[in-house]
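Chemist: Got a structure here, written out as structure tokens. Questions coming.
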Amino acid sequence: MQTSMSPLRKTSLTAGIIYLLTFVSIPTLTLYGPIHQPNYILSNSNDTPVIIGGILEIIVGLTSVATAVVLYPVLKKQHEGFALGLVASRILEASTIFVGVAFLLAAMTLHKNGGGADSLSTSHALVALYDRIFLLGQGYIPAINDLLLGILLFKSRLVPRTLSIIGIAGEAPLIAGYLAVMFGVIDSVSPLAALSALPVAVFEFSLGIYLVIKGFRPSAVSNQL
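Residue numbers (our numbering): 7 to 231.
Structure, rendered in structure tokens:
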């Protein structure tokens, strides 16, 4: 006899799938290559990769908010303030993503309309604004997200505490990397910058996989009922 899926299992499965979807923007590192070229506005580059990258980032923005919203009914039982903080932080992160995409699409529009040499400085400024807001939205705010989420998951034991600790501990290197880039100590695309973001990436990807395959831990689920 087939048993129906419990509401908490549906929540964990949905949250896991959404967390994995937040990684769809990884190809933008390549897709945005042409628009970062100094003479992009004067080139004959195809704008399709930029459009695809923008769509992928919009998906990430939407799924970022969705992760916090889906988990909120469960996490608020541990600490409502932290759970609300996670939702607010995710909304802020998504807002920076949407604004960043708007900057790039504006630069792309100048290119498409043949802005010419007179638009070079404007194009450079738009791309620079994207890079800066990307650094804030996806290089700093995720540290706040995962610190709040890690604490809530640690308290609830909904997932193994080792996984929660990775989320909590991942805050420090990510913020350190963000500050190092801001002060010009390292480049935003350097190996050290990528390394500083690795713990957060491992936490979120592992969390997504765990929630899809395992769901919330049964012993913790019994305390949620």
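Idealized CB from N, CA, C, for every residue including glycine.
Fair warning: this is a prediction, and the values are worked out from it, not measured in the lab.
Classify Thr-36: buried if its beta carbon has 16 or more other beta carbons within 10 angstroms, exposed otherwise.
Modeler: By the neighbour-count rule (16 or more Cβ atoms within 10 Å), Thr-36 is not buried but exposed.
Chemist: If we ignore side chains and look at the alpha-carbon of each, how far apart do Gln-43 and Ser-125 end up?
Modeler: Gln-43 and Ser-125: Cα-Cα distance of roughly 14 Å.
Chemist: Between Ala-89 and Ile-97, what straight-line distance do the alpha-carbon atoms span, to the nearest angstrom?
Modeler: Cα to Cα, Ala-89 sits roughly 13 Å from Ile-97.
Chemist: Using DSSP with H/G/I as helix, E/B as strand and the rest coil, what is Val-195?
Modeler: Three-state result, Val-195: coil.
Chemist: Expressed to the nearest angstrom, what Euclidean distance is found between the alpha-carbon atoms of Gly-173 and Gly-120?
Modeler: Computed Cα separation, rounded: 46 Å.
Chemist: Could you give the distance in angstroms between the alpha-carbon of Leu-155 and the alpha-carbon of Ser-212?
Modeler: The straight-line gap from Cα to Cα measures roughly 14 Å.
Chemist: With H, G and I counted as helix, E and B as strand and the rest as coil, what does DSSP make of Gly-22?
Modeler: Gly-22 falls in the helix class under three-state DSSP.
Chemist: Over what stretch of residues does the alpha helix (DSSP H) that includes Phe-104 continue unbroken?
Modeler: It spans 86–118 - the alpha helix (DSSP H) in which Phe-104 sits, taken as one unbroken run.
Chemist: Starting from the Cα of Phe-209, find the closest Cα among Ala-200, Leu-169 and Leu-185 and give me that residue.
Modeler: Nearest C-alpha to Phe-209: Leu-169.
Chemist: Can you name, in chain order, every residue of its own chain whose Cβ lies under 8 Å from the Cβ of Ile-181, other than the five neighbours on each side?
Modeler: Only Tyr-146 and Ala-149 meet the Cβ criterion.
Chemist: Taking 9 Å as the cut-off, decide whether the C-beta atoms of Ala-72 and Ile-24 are in contact.
Modeler: Result yes, Cβ atoms of Ala-72 and Ile-24 sit closer than 9 Å.
Chemist: Alpha carbon to alpha carbon, how far is Asp-137 from Pro-224?
Modeler: For Asp-137 and Pro-224, the distance between alpha carbons rounds to 43 Å.
Chemist: Skipping 5 residues on each side, what residues in its chain have a beta carbon closer than 6 Å to that of Leu-158?
Modeler: The residues are Leu-81, Gln-84 and Phe-88.
Chemist: Using C-beta distances below 8 Å, list every residue in its chain close to Ile-64, excluding the 5 sequence neighbours before and after it, in chain order.
Modeler: Correct list, in chain order: Ile-103, Phe-104 and Val-107.
Chemist: Which residue from Ala-100, Val-66 and Thr-128 puts its Cα closest to that of Ala-46?
Modeler: First, the amino acid is wrong: residue 46 is Tyr here, not Ala. Taking only the C-alpha atoms, the option nearest Tyr-46 is Thr-128.
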